[in-house]
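Novice: Read top to bottom, the protein sequences are chains A and B. Once you know that position 144 of the first sequence is 143 in numbering that gives the first Met the number 0, the rest is easy, because the numbers rise by one and skip nothing. Once you know that position 204 of the second sequence is 203 in numbering that gives the first Met the number 0, the rest is easy, because the numbers rise by one and skip nothing. Each residue gets a CB set at the ideal place from its N, CA and C atoms; glycine is no exception. On a predicted model such as this, the values are computed, not experimentally measured, just so you know.
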Amino acid sequence: MATFSPKTAHKPLISSQFEAAPPPKRTRWLDSWEWDILALSTAVKFLLFPAYRSTDFEVHRNWLAITHSLPISKWYFEDTSEWTLDYPPFFAYFEWALSIPAAFVDPKIVDVKNLLYDAWTAVAYQRITVILTELVLGAALLKLSRGAVDRSTHRIIAASLFLHPSFIIVDHIHFQYNGFMFGILLWSLCMAKTGNKLACGVLFAILLNFKHIYMYLAPAYFVYLLRSYCMAPQGRFLVAPFVTLASAVVLVFVVSVGPFAIMGQLPQLLSRLFPFKRGLNHAYWAPNAWALVTALDRVLLKLGGASMAVNEAGVVSSSRGLIGDTVFAVLPNIKPIHTFLITIAFQAIYLTKLWRVPTAKSFLAALTLCGYTSYMFGWHVHEKAVMLILVPLSLIAAENYAHYRTFVIASVAGIYSLFPLLFTPAESFFKVVYSLIWGAVVFGSLSKRIFEYPSTLPSVIVHRLEDLYLYGFFPLHALVTFLPLVAGPRSGPRSEEASQAGSASSQFEFLPLMLTSVYCAVGLVWAFLRLSVLYLRNY
Amino acid sequence: MSGISTAGNQSSKRPKSRPKFRSPGSSTTSVRSRVESETDFEEILSPQPRHPYLHLLQPWLYNMRDTPSPLPASPSPFRSSPLRPGPHGSSMSVSSPTPFTRQFQGTHPKLGTLDDDVDSMARRWVRWMAKANMRPWIAPLILGAALLLRWTVGLGQYSGYGTPPMFGDYEAQRHWMELTIHLPMRDWYFYDLPYWGLDYPPLTAYVSWLCGIIGHWMNPEWVAFESSRGVESPDSKTFMRATVLALDALIYVPAVFVFCRNWWNTRSRRTQSVALLTVLFQPALVIIDHGHFQYNSVMLGLVLWALNFFHAGHDLLGAICFVLSLGFKQMALYYSPAIFAYLLGKCFYLNGLAGRRLFLSLATVSSLTFLALFAPFYWSPLQPFIRIFPFSRGLFEDKVANFWCASDVVVKWRNMSIAATGGLAKLALLTTLLAILPPVIHLLRLSWLTRRSELDEEDLKETTTISSEAAGPAAVPTLSPKSSPAYSVPPTIRLLPYALFNTSIAFFLFSFQVHEKSILLPLMPITLLMSGRENMGKEIGIWEWGVLANNVALFSMWPLLRKDGQGMECFVLVFLWNHLIGYSPLRMPLSLHKLLALATYSVIAVLHLAEFTISPPARYPDLYPVLNAVLCAGVFGIVWLVGMKKQFEAGWAIAGLGGRNRKGRKEPKANASPGPSLSSVEEEKHGQDAEGGPSGECANLDNISSGRRGKKTKPDISPLRLRSTAGGSVTSNLGPNGL
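1) Could you check if D78 (chain A) is buried or exposed, using at least 16 other CB atoms within 10 Å of its CB as the buried criterion?
2) Compare the beta carbon distance of S510 (chain B) and A427 (chain B) with 8 Å and say whether it is the shorter of the two.
3) What does a CB cutoff of less than 6 Å around Y194 (chain B) pick up in its chain, not counting 5 residues either side in sequence?
4) Taking 8 Å as the threshold (C-beta atoms), are L140 (chain B) and V168 (chain A) in contact?
5) Comparing alpha-carbon positions, which option in A:I212, A:V479, A:V109 lies nearest S68 (chain A)?
6) Short of 9 Å Cβ to Cβ, which residues in the segment 542–574 of chain B face chain A?
7) Name the chain A residues whose beta carbon is nearer than 7 Å to that of R123 (chain B)?
8) Can you check whether the C-beta of F48 (chain A) is within less than 8 Å of a C-beta belonging to chain B?
9) CB-CB under 7 Å to S72 (chain A), same chain, minus the five flanking residues each way: which ones, in chain order?
10) Using a cut-off of 8 Å between C-beta atoms, extract the partners of L435 (chain A) located in chain B.
11) Is M375 (chain A) near V524 (chain A), with beta carbons less than 8 Å apart?
12) Please go through the segment 365–448 of chain A and give each complete alpha helix (DSSP H) segment of 4 or more residues, from N-terminal end onward.
13) Please name the residue, chosen from B:G531, B:I525, B:L182, that lies closest to G545 (chain B) on a Cα-to-Cα basis.
14) Closer than 8 Å, CB to CB, is A38 (chain A) near chain B or not?
15) Compare the Cα-Cα distances from T351 (chain A) to each of A:V201, A:L530, A:N208, A:R226 and report the closest residue.
16) Quick one: list the residues of chain A neighbouring M239 (chain B), beta-carbon separation under 7 Å, in chain order.
17) For chain B, is any of its Cβ atoms less than 8 Å away from the one on S444 (chain A)?
18) Would you check if the distance between the CB atom of F236 (chain A) and the CB atom of M230 (chain A) is smaller than 8 Å?
19) Quick one: which chain A residues come within Cβ less than 8 Å of D118 (chain B)?
20) Applying a beta-carbon distance threshold of less than 9 Å, which residues of chain A neighbour Q156 (chain B)?
21) Once DSSP output is grouped into helix, strand and coil, what is the label at F236 (chain A)?
22) From B:L367, B:D621, B:A274, B:I286, pick the residue whose C-alpha is nearest to that of L579 (chain B); which is it?
23) Along the chain, which unbroken stretches of the alpha helix (DSSP H) at least 4 residues long are found entirely within the segment 608–635 of chain B?
24) Straight-line CA distance for L303 (chain B) to Y251 (chain B)?
25) Using only the alpha-carbon positions, how far apart do R450 (chain B) and I492 (chain B) sit?
26) What does the Cβ neighbour count give for V253 (chain A), buried or exposed, with the cut at 16 atoms within 10 Å?
27) For the alpha helix (DSSP H) holding P163 (chain B), just list the boundary residues, first then last.
28) According to DSSP, is G522 (chain A) helix, strand or coil?
29) In terms of residue numbering, what span does the alpha helix (DSSP H) encompassing L572 (chain B) cover?
30) Report all residues from its chain with a CB closer than 8 Å to the CB of V251 (chain A); omit the five preceding and five following residues, and keep chain order.
31) Which residue marks the beginning of the alpha helix (DSSP H) containing R450 (chain B), and which one marks its end?
32) Can you list, in chain order, the residues of its chain with a C-beta nearer than 8 Å to that of L323 (chain B)? Leave out the 5 residues immediately preceding and following it.
33) Confirm, please, whether the CB-CB distance from L343 (chain B) to L494 (chain B) is below 8 Å.
34) With H, G and I counted as helix, E and B as strand and the rest as coil, what does DSSP make of M556 (chain B)?
35) Judging by CA-CA distance, which residue of A:A425, A:H462, A:G443 is the nearest neighbour of L146 (chain B)?
36) Just how far apart, CA to CA, sit A505 (chain B) and T430 (chain B)?
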């Protein structure tokens, strides 16, 4: 299969016309090409078993213990560990299912009192569950790549997603189950593509009940399904599909939240899911618009000095990496309601467009932009949320060169913004080299297929500037790596704990993070603008 | 290519020879086409007319696919590559009854891939990269991936992790860094010997010193004197792992890269890339160096550099590298008989003044390097040697898969009377000597047989003459002056890896005090040899044996790796590598090798299962390691015999069965006439027949390639013939198959 359509691949449009010979009949379950990707990714993931684990590992182990050893009525009340269960009920059921084999593997894994347990059995078991559940993603990608018209390009995209550095970094080193959940999302998108919109909606409802961060994408789903499934193309409202869809979605929620509603635990559940006690920025500023605003505030503080009215609390807040509230020294402060309004305003623009052009392709782009807007302007955004952008954006990367270019900028900046998650030196080497290899293969092979030379002078200049920005990541990385060595104590890990110490050196520990955040934010904001313009003009 | 020789003779063995090399005349045998071959480079493709009704014929052609070729004389017209269809002349030949088939084969992406049978992940990836227009990126990506793999394996545990008071090899190496930077040189080989006293040769000590200095600069606690014993902080581990990776990346990885480019320089770029992947992802070395923790890649890399230098004709540099490798780890002695035989043989080969001169310079340079390494220890010159060669230890320590340990199950060597008098060491020495003699003598004899005539001396002085062909196997495809070092490389260079393998595995099987990790030494040459996979899966060759040896070697180190906490990495690396190179014992043609391989793998699987589920009986606590050693020793013994066979076959390919006719060689051959003279063709045919044997991967290679490049194929080239063909009219370039 790897040899299929070798020459025509460069011109996807033409190739589809000239593929006279029918695709060879599938005699095996997986093509050799697909086996290769599976073998490679599995080998990498297994080798990463002993790698660094964040506290998320203990979080999930604790959830295994909670769901296994406590009755369902206590799941959302248990607080022996500080890592209480704060995902929606489906994820709790999921952990419960995983905890059954875990008890066989090692009963100590599922002991609520056994905090910070990280024996080899626990590590191996939990890492294996991540690998196995990620096969959902693999299956969805297989379906997407096999159904595509331009198979060879989509194969590259599918492989790039299955081996995406963000999944490796966040799931297989840092430890989370994003692969599994993005798998459900991709299944849902797959259904949208094949026209099975009921399944599309139901799958998304299920996904929402696994992890509520996907609410970022919900507006796009709502508008798309309402317009294309519950209304005729002429605009007539169709009652039957609407009732079907609504009842299916309600059913999903009943299964998920129902037991807790019966027990009268809804307020407790909601307070766990939506803790509104956090600041505008996370400890490490996620590289979004607010990171730029915060940086601007710092710069103004330095430049303006005494000439401006300075908020004293903001000065103190300047370089600490605390979860607490970010207070601006110069600029007016931001409240959650502001971020909410801005997000809604931007999303409204894309959703209006989606309402007018409710095709699957348009839906994909609007979905990406919805997630992107939430990431850009949301309150207390995690850097990991960038995956909500990168994954759907990859699917539209091969539309044309402009899309591809957006994809490159967003991917490079987004993946780099995940790097601070891994601060230990051993994993740092891994993350850099792995991402470089991934980028070289994916960008190299895709760009050759769809390259278009910019035709006008402004576009040439923009193109050059973008190149400059991308190459800038090399000096940035050198700076970020060596600045702490030069300025601070040599072997201090730049962890949150260390920066909380508030010593003089913490400033130098936070500076590289700030640089990273701001530099990535520039790229992500630019890619956001690019994608917005592309969507509004081209779809 | 016709040259190729093999295309006709060995049709049954390699019916799918690479089409890239096919040149006119492989199916038609007219003299005219042969003459044309000089200008018809296969890279220049002539457009192929497509049959207008091709699409109508497609169903029929699908059916044609599995029918045997109607053309016994030209077995491979069906296997034109899609990108490189056969040249104009042959594909338009009227004599071919199925002209459309060939075109169809040449265009259909699925059927036209001749590599289907030997397809592997590595080949698929390299091919895909080439199609994606990313050829320049292939090598850098392979090197990057190899480094990444090494580092990732290094995330795991290492030898002696968390096992005070002695810890393991990791602590030994770290301790040497600590020791060398804090003590004066004179104390290095004396200080606190029971706690990992220095027992490697001086170059290890110097490298430890350098690493220690860097470590001290980064964090003095890692190498603090005495107080740092057993330091296991994550930072220090990362530093130690980084030193291994850096030395590996500086010495071994570039050596492999150069090897794959130069040794296989007559093969396609794709094969070179696949070879690079094969060698760099070899699991045993990766897991021992970066998992278990040792610096074998430095020693092996230096030996490989020596091989590269020999291959390029720089014998003195090669000798220095080899002495350095000896000076890094005494284990390189396993290779020394082969290296010695090659160098001495080269002195024979040069024959006369040049030979004597080379001998003297080699002796001087080697001794000087050796002296320089040991000079700082002049006040106690014996102490390093006492430390390096521990003759006071037993016949074998742990369970190791060699002859002594395996036969110990039956014959209790250590209880015999001979053991009391230290006779065991002598017995082992004698057996080892016997075992290494055949390859060494073979190499020397071949060098003598292929020695150059005295006239060569004069040729060497003619620095301005351009030869159209470097000395056969050295095969530097560019024009090289006769005075260049590459010109003087003897054909026996192609035997050197075989000899390296045969002597080192003989040492492993029969010598005294062998460690299980020493299997890495035989593994390197056999992995190098197999990396240029020649026989394309149609028969059992060195490739299959090399994979078997590698897999069994990993299993032989399983007890060690399991103790180190590298068990999972071991499995992952083995499966990844086997998948990468496309190895599947089930898909091999039925043969003794296949049965042996399947039996071995089944026993290994059963042993693993048993070990995981059933604990050994109390009477035999070492049951599993002993069974492991017996099985592996048996396989290694067989591989050793196979290696000898391969070496002799490769020797026949070079010199023929009966040696060469010196007298005939001295006669000036055909003048620079457009066609080959009868005698030269005959002679070539003779050589060809010898290679036609089950043999000689290497010699075949040379012929293939030189045929492809339109050059002469004889490995041992007499300067007289060179002179006769110099000037470019190299028309006698066709292999016998052209006839």
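Specialist: The structure says:
1) Locating residue 78 (chain A) in the first sequence gives position 79, counting from the first residue. Flag for D78 (chain A) reads exposed.
2) Counting from 1 along the second sequence, the entry for residue 510 (chain B) is found at position 511. Counting from 1 along the second sequence, the entry for residue 427 (chain B) is found at position 428. Yes; because the gap between Cβ atoms is below 8 Å, this pair is in contact.
3) By 1-based counting over the second sequence, the position of residue 194 (chain B) is 195. Nothing meets the Cβ criterion.
4) Against the first sequence, residue 168 (chain A) aligns to sequence position 169. Against the second sequence, residue 140 (chain B) aligns to sequence position 141. At residue 168 (chain A) the sequence reads Ile, which differs from the Val that was named. No; because the gap between Cβ atoms is not below 8 Å, this pair is not in contact.
5) Position 69 of the first sequence, counted from the first residue, corresponds to residue 68 (chain A). Here the closest residue by C-alpha is A:V109.
6) G564, M567, E568, F570, V571, L572, F574
7) Within the second sequence, residue 123 (chain B) is the residue found at index 124, counting from 1. Simply A1, S31, W32, D35.
8) Reading the first sequence from its first residue, position 49 is the one you call residue 48 (chain A). Yes, its Cβ sits closer than 8 Å to a Cβ of chain B.
9) As a first step, residue 72 (chain A) is located in the first sequence; it is residue number 73 there, counting from the start. Closer than 7 Å at Cβ, skipping near neighbours: M262.
10) The count along the first sequence starts at 1 and reaches residue 435 (chain A) at position 436. Those are G143, listed as they occur along chain B.
11) Within the first sequence, the letter at position 376 stands for residue 375 (chain A). Within the first sequence, the letter at position 525 stands for residue 524 (chain A). The answer is yes: Cβ separation under 8 Å.
12) 386–394, 400–417
13) Position 546 of the second sequence, counting from 1, holds the residue named residue 545 (chain B). Per the Cα distances, B:I525.
14) Position 39 of the first sequence, counted from the first residue, corresponds to residue 38 (chain A). True, the Cβ-Cβ gap to chain B drops below 8 Å.
15) Counting from 1 along the first sequence, the entry for residue 351 (chain A) is found at position 352. Among A:V201, A:L530, A:N208, A:R226, the Cα nearest to that of T351 (chain A) is on A:R226.
16) Reading the second sequence from its first residue, position 240 is the one you call residue 239 (chain B). Going along chain A, no residue has its Cβ under 7 Å from M239 (chain B), so there is no contact; the nearest lies around 11 Å.
17) One-based indexing of the first sequence puts residue 444 (chain A) at position 445. It does; some Cβ of chain B falls within 8 Å.
18) Residue numbering aside, residue 236 (chain A) sits at position 237 when the first sequence is read from its first letter. Residue numbering aside, residue 230 (chain A) sits at position 231 when the first sequence is read from its first letter. Contact flag set, yes.
19) Locating residue 118 (chain B) in the second sequence gives position 119, where the first residue counts as 1. Within chain A, the residues near D118 (chain B) are S31.
20) Residue numbering aside, residue 156 (chain B) sits at position 157 when the second sequence is read from its first letter. P49, listed in chain order.
21) Counted from its first residue, the first sequence places residue 236 (chain A) at position 237. Here F236 (chain A) sits in strand by DSSP.
22) If you number the second sequence from 1, residue 579 (chain B) lands on position 580. When only C-alpha atoms are compared, the closest one is B:A274.
23) none
24) What you label residue 303 (chain B) is simply residue 304 of the second sequence in a count that begins at 1. What you label residue 251 (chain B) is simply residue 252 of the second sequence in a count that begins at 1. If you take the alpha carbons of L303 (chain B) and Y251 (chain B), they lie about 8 Å apart.
25) As a working note, residue 450 (chain B) is residue 451 in the second sequence. As a working note, residue 492 (chain B) is residue 493 in the second sequence. Answer to the nearest angstrom: the Cα atoms are 13 Å apart.
26) Within the first sequence, residue 253 (chain A) is the residue found at index 254, counting from 1. Per the 10 Å Cβ criterion, exposed.
27) Looking up residue 163 (chain B) in the second sequence gives position 164. No alpha helix (DSSP H) holds P163 (chain B); DSSP gives it neither H nor E.
28) Stepping through the first sequence from its first residue, residue 522 (chain A) is reached at position 523. Residue state, collapsed to three classes: helix.
29) Translated into positions along the second sequence, residue 572 (chain B) becomes position 573. Counting along the chain, the alpha helix (DSSP H) containing L572 (chain B) begins and ends at 566–580.
30) Here residue 251 (chain A) refers to the residue found at position 252 when the first sequence is read from its first residue. V201, A204, I205, N208, listed in sequence order.
31) Taking the first residue of the second sequence as 1, we reach residue 450 (chain B) at position 451. Careful: R450 (chain B) lies outside any alpha helix (DSSP H) and carries neither H nor E.
32) Counting from one through the second sequence, the residue named residue 323 (chain B) turns up at place 324. Answer for L323 (chain B): L202, L301, T368, L372, listed in chain order.
33) The sequence position of residue 494 (chain B) within the second sequence is 495, counting from 1. The sequence position of residue 343 (chain B) within the second sequence is 344, counting from 1. Cβ atoms of L494 (chain B) and L343 (chain B): not closer than 8 Å.
34) Counting from 1 along the second sequence, the entry for residue 556 (chain B) is found at position 557. In the structure shown, M556 (chain B) sits in coil (DSSP, three-state: anything other than H, G, I, E or B).
35) Reading the second sequence from its first residue, position 147 is the one you call residue 146 (chain B). It is A:A425.
36) For the purposes of this step, residue 505 (chain B) is taken as residue 506 along the second sequence, with counting starting at 1. For the purposes of this step, residue 430 (chain B) is taken as residue 431 along the second sequence, with counting starting at 1. Cα to Cα, A505 (chain B) sits roughly 9 Å from T430 (chain B).
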